[in-house]
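Residue numbering for the sequence shown is 610 to 749, as defined by the numbering used here. Positions of the beta carbon are idealized from the N, C-alpha and C atoms, including for glycine. Notes for the one structure printed next.
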Amino acid sequence: MIKAHQTYLVEDLDQLASVALKLAKDIEHPLILFIGELGAGKTTIIKELIKLDGSEDSGSSPSFSIINEYKTGSCKSFHLDLYRLNTAEEAFQLGIEEIIYSGDKCYVEWPQIIMDYIDEPFHIIRIELIENNKRKISIV
Numbered sequence: 610m611i612k613a614h615q616t617y618l619v620e621d622l623d624q625l626a627s628v629a630l631k632l633a634k635d636i637e638h639p640l641i642l643f644i645g646e647l648g649a650g651k652t653t654i655i656k657e658l659i660k661l662d663g664s665e666d667s668g669s670s671p672s673f674s675i676i677n678e679y680k681t682g683s684c685k686s687f688h689l690d691l692y693r694l695n696t697a698e699e700a701f702q703l704g705i706e707e708i709i710y711s712g713d714k715c716y717v718e719w720p721q722i723i724m725d726y727i728d729e730p731f732h733i734i735r736i737e738l739i740e741n742n743k744r745k746i747s748i749v
């Protein structure tokens, strides 16, 4: 089980894979929301988590497609990037509600526009860039 307020300090992007492995072992809920500025490493960690879920696809950022779906063994993993959306209504028109309540793993970048509408338990992973490209990754 993930402990709230757990924090990892990462020296470079190569270490994000090891943090993803730690997170994958502890994630309790299938809905994981990622908050962090552009270039913080959200997509990199999510790609690692999707691999750990069992996907043979290397994954890519859904910045333009908004939703990427991956076959992971007998189930699916979803990677959503809501950066380009302006309202929760836009998100729900795309069918995001069905995805986040499906019970499949769902990794969401830029989730702020839908957070007030989520009734299921979820994890928040906050990634902050600090000096010299170091990152602070917190489970809130």
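Close-in-space but distant-in-sequence residues of the same chain around residue i (CB under 8 Å, 5 per side omitted)
{"i": "H638", "result": "E729, P730, F731, H732"}
{"i": "M610", "result": "Residue placement at M610 cannot be trusted, given a pLDDT of 48 that sits under 50; what the coordinates show is reported in the next sentence. D635, E637, listed in sequence order."}
{"i": "I675", "result": "L689, D690, L691, R693, L694, L703"}
Neighbourhood of residue i by C-beta, 7 Å cutoff - its chain only, sequence neighbours within 5 removed
{"i": "L618", "result": "K743, K745"}
{"i": "S664", "result": "Y679, K680, T681, S686"}
C-beta contact flag for residue i and residue j at 8 Å
{"i": "S627", "j": "T652", "result": "no"}
{"i": "A697", "j": "I736", "result": "no"}
{"i": "F643", "j": "E718", "result": "yes"}
{"i": "K714", "j": "D666", "result": "no"}
{"i": "L640", "j": "I739", "result": "no"}
Simplified DSSP state of residue i, which is helix, strand or coil
{"i": "F687", "result": "strand"}
{"i": "K751", "result": "This structure cannot settle anything about residue 751, because the visible part of the chain is limited to 610 through 749."}
{"i": "I675", "result": "coil"}
Rounded separation between residue i and residue j - CA only
{"i": "S686", "j": "I659", "result": "7 Å"}
{"i": "I734", "j": "Q624", "result": "16 Å"}
{"i": "G645", "j": "A633", "result": "19 Å"}
{"i": "E620", "j": "I655", "result": "18 Å"}
{"i": "S750", "j": "D690", "result": "Past the boundaries of the shown model lies residue 750; the chain is included only from 610 to 749, so the question cannot be answered."}
{"i": "E657", "j": "A629", "result": "6 Å"}
Enclosing alpha helix (DSSP H) for residue i [first to last residue]
{"i": "I636", "result": "No alpha helix (DSSP H) holds I636; DSSP gives it neither H nor E."}
{"i": "E620", "result": "From DSSP, E620 is part of no alpha helix (DSSP H); its letter is neither H nor E."}
Same chain, Cβ closer than 6 Å to residue i, five either side skipped, listed in chain order
{"i": "H688", "result": "I655, P671, N677, Y716"}
{"i": "S747", "result": "T616, R735"}
Run of the beta strand (DSSP E) containing residue i, from where it starts to where it stops
{"i": "I736", "result": "732-738"}
Proximity test, Cβ basis, 8 Å: residue i and chain C
{"i": "A700", "result": "Considering every chain present, this structure includes no chain C. It has just one protein chain."}
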